[in-house]
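Q:
In the numbering used here, the protein residues as written are 70 to 233.
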């Protein structure tokens, strides 16, 4: 087991937690300020959750077939693309719908990172060390969530209206 793999896992966990806790509370307000109705924003959230539920079955197969690390990286890429579309194309309802579909597709693939790191620890014969790994990851993701709150506070002082 290489230390670099654990560091990579911690970095990914931190980034995912930061983005979830930063984007989650902010994007509905951003979309509302962009002129979308609360009902439409709720519908988009439902689209994301529905596609996530459907794709959860496929995500495991993709990770098993192509590797858990690749599956996780694909999840990061697809999720980042969805976030990009939300921020820069919120005025186009078709692209916005695709963005929320992408978020739903990317979300189950992100779980591949946990399966990957467990596999790596298992290969190294250190499966018992995963308890400490996930405990430390939980602390780190909590710090990311708190940091996201402060970043959100700073962002609320400015408008991202220039994006729309």
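All C-beta atoms in this analysis are idealised placements derived from N, C-alpha and C, irrespective of residue type, glycine included. Every value quoted in this text rests on a predicted model; they were computed, and no experiment measured them.
Within 10 angstroms of the Cβ of residue 130, are there 16 or more other Cβ atoms? Answer buried if so, exposed if not.
A: By the 10 Å Cβ count, residue 130 comes out exposed.
Q: Is residue 103 closer than 8 angstroms to residue 159 when the C-beta atoms are compared?
A: Contact: yes.
Q: Anyone know if the C-beta pair for residue 116 and residue 148 falls short of 8 angstroms?
A: Not closer than 8 angstroms, so no.
Q: Thinking C-beta only, is residue 124 closer than 8 angstroms to residue 174?
A: Closer than 8 angstroms, so yes.
Q: Please return the same chain residues whose Cβ sits closer than 7 angstroms to the Cβ of residue 101, not counting the five positions on each side in sequence.
A: Cβ neighbours of residue 101 beyond the five flanking positions: 107 and 110.
Q: Can you give me the Cβ contacts of residue 118 inside the same chain, cut-off strictly under 7 angstroms, excluding the 5 residues immediately before and after it?
A: Contacts found: 173.
Q: Between residue 141 and residue 178, is the Cβ-Cβ spacing less than 8 angstroms?
A: Yes, the Cβ-Cβ distance between residue 141 and residue 178 is below 8 angstroms.
Q: On the three-state DSSP scale, how would you describe residue 104?
A: In the structure shown, residue 104 sits in coil (DSSP, three-state: anything other than H, G, I, E or B).
Q: On the three-state DSSP scale, how would you describe residue 213?
A: Looking at residue 213 - three-state DSSP - the assignment turns out to be helix.
Q: Sort 169, 128 and 105 by Cα distance to residue 93 and report the nearest one.
A: Answer by Cα proximity: 169.
Q: Can you have a look at residue 211 and say buried or exposed, based on whether 16 or more other CB atoms are within 10 angstroms of its CB?
A: By the 10 Å Cβ count, residue 211 comes out exposed.
Q: I need the straight-line Cα distance from residue 206 to residue 154, nearest angstrom please.
A: Going from the Cα of residue 206 to the Cα of residue 154 covers about 29 angstroms.
Q: Please report the distance separating the alpha-carbon of residue 190 from that of residue 161.
A: Their Cα atoms are separated by approximately 45 angstroms.
Q: Any idea what DSSP makes of residue 125, helix, strand or coil?
A: Three-state result, residue 125: helix.
Q: If you drop the 5 nearest sequence neighbours on each side, which residues of the same chain put their C-beta closer than 7 angstroms to that of residue 120?
A: Hits under 7 angstroms: 170, 173 and 174.
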